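>
Residue numbers (the working numbering): 68 to 320.
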């Protein structure tokens with residue numbers, strides 16, 4: 068289940084979700100992992116219509132956003148593609164205690180723009196002939212780390228090492244594959260259109276769970292727009308949007 072947090076902020080959250088007078092409407096700057104950015108845009112629009120508050124999104128790889136936060140970037144909240152970095156921010160006193168919760172569980176997909184390259188089982192495609200396999204940089208992107216773990220689980224990491232090319236995040240990795248610079252590669256399921264190319268949804272037992280956590284940052288602790296947006300992410304309305312975008316809203320057992 069999605070972990071409900073922000074318990075100490077319940078009263079503020081309730082107030083933040085009530086449409087305020089125009090003079091009291093606020094804005095929030097939210098750091099969001101690249102894989103979730105398109106979905107976050109939809110949610111930000113819905114939240115604005117419901118609450119009157121505005122949310123501006125700044126996207127990038129989770130590792131890059133984490134580094135910016137540590138360096139003092141003026142974000143109000145962080146929507147990560149993992150659970151580790153939000154936990155580190157809480158431990159370092161750079162995020163509000165008890166505000167961390169899981170807003171989505173991602174799925175990893177092996178994708179090719181070629182409709183005939185990947186079959187129902189993606190392993191033969193990975194073991195076949197191709198010039199380049201794209202994946203997000205594992206140092207900064209949780210989906211890249213999950214991709215490498217998948218290759219290791221399949222015993223293919225060493226054999227494919229010379230053919231791996233990395234994108235800075237899932238967006239640039241998708242572009243590498245879509246352009247043909249890499250014949251296939253790993254992206255988030257939320258980026259895959261079922262009517263284009265061919266794909267294999269990677270079994271979840273081949274990599275660690277892609278639990279995506281959100282956390283409130285100190286700059287947002289008194290910002291109704293930021294607090295309200297995190298509460299909105301936990302609503303049934305938001306969960307339906309998140310599920311429709313290709314994410315799970317409950318973790319695997």
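Glycine included, every Cβ here is placed at the ideal spot set by N, Cα and C.
All values derive from a computational prediction rather than experimental measurement.
#1: Excluding five sequence neighbours on each side, which residues of the same chain lie with their C-beta closer than 8 Å to the C-beta of residue 32?
#2: Closest by CA to residue 98, which one among 142, 114, 115 and 105?
#3: What is the DSSP secondary structure of residue 171, counted as helix, strand or coil?
#4: Restricting to runs no shorter than 4 residues, where is the alpha helix (DSSP H) found entirely within the region 185-251?
#5: Taking buried to mean at least 16 other C-beta atoms within 10 Å of its own C-beta, is residue 129 buried or exposed?
#6: Which runs of the beta strand (DSSP E) fall wholly inside the region 114-179 and span at least 3 residues, in chain order?
#7: Return yes when the Cβ of residue 110 is within less than 8 Å of the Cβ of residue 300, no when it is not.
#8: Does the Cβ-Cβ distance between residue 123 and residue 288 come in under 8 Å?
#9: Pull up the DSSP beta-bridge partners for residue 253, would you.
#10: Under the assumption that residue 224 contacts residue 218 (Cβ atoms under 8 Å), give the Cβ distance between them as a whole number of angstroms.
#11: Give me the DSSP bridge partner(s) of residue 96.
#12: Relative to the C-alpha of residue 114, which residue among 317, 277, 315 and 303 is closest?
So, to answer that:
#1: The chain is shown only over 68 to 320; residue 32 falls outside these bounds and no answer can be derived.
#2: Measuring from the Cα of residue 98, the nearest candidate turns out to be 142.
#3: In the structure shown, residue 171 sits in a strand (DSSP, three-state: E or B).
#4: The region 185-251 contains these whole alpha helix (DSSP H) runs: 190-194, 209-220, 224-227 and 237-245.
#5: With a 10 Å radius around the Cβ and a threshold of 16 neighbouring Cβ atoms, residue 129 comes out buried.
#6: Inside the region 114-179, DSSP marks whole beta strand (DSSP E) runs of 3 or more residues at positions 121-127, 144-146, 168-173 and 175-179, from first to last along the chain.
#7: The answer is yes: Cβ separation under 8 Å.
#8: Remark: C-beta atoms of residue 123 and residue 288 do not approach each other more closely than 8 Å.
#9: The bridge partners DSSP lists for residue 253 are 177.
#10: So it is a contact: roughly 4 Å between Cβ atoms.
#11: In the DSSP output, where bridge partners are listed per residue, residue 96 has 123.
#12: Checked all of 317, 277, 315 and 303; the closest Cα to residue 114 is 303.
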